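Asks: Below you will find the structure I want to go over with you.
Residue numbers (the numbering used here), protein chains in the order written: chain A, 1 to 28; chain B, 29 to 106.
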């Protein structure tokens, strides 16, 4: 996935956002 | 059922952003996630803009849930 790199698709940024939130919630 | 589980999960994640439990997320709340999430302030702004469907500057649980459902590839009615 290109999320996190400049020019990443909007979808990629959204996916990155939700993935990060999810792992923050379920992480240690 | 699946939709309800997703809506509940979306609610949990929404509360992570809406720390004051106002019932909505504003741009300032989003920018506070900088440092907590591996996203740049620009990316957080981009996320906010794409989730804020009506562009009124307030992100409701409904809009958030829709965005989350879209991320999962599902259509969710909160």
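Don't be surprised by glycine CBs; every beta carbon is placed ideally from N, CA and C. What you are looking at is a predicted structure, and each value in this text was computed from that prediction instead of being measured.
1. Short check: CB of residue 92 of chain B to CB of residue 38 of chain B, under 9 Å?
2. By how many angstroms is the C-alpha of residue 88 of chain B removed from the C-alpha of residue 81 of chain B?
3. Would a check of beta-carbon distances place residue 87 of chain B closer than 9 Å to chain A?
4. So, are the CB atoms of residue 43 of chain B and residue 97 of chain B less than 9 Å apart?
5. On the DSSP bridge list, what partners appear for residue 53 of chain B?
Replies: In short, the structure shows the following:
1. yes
2. 10 Å
3. no
4. no
5. B:87
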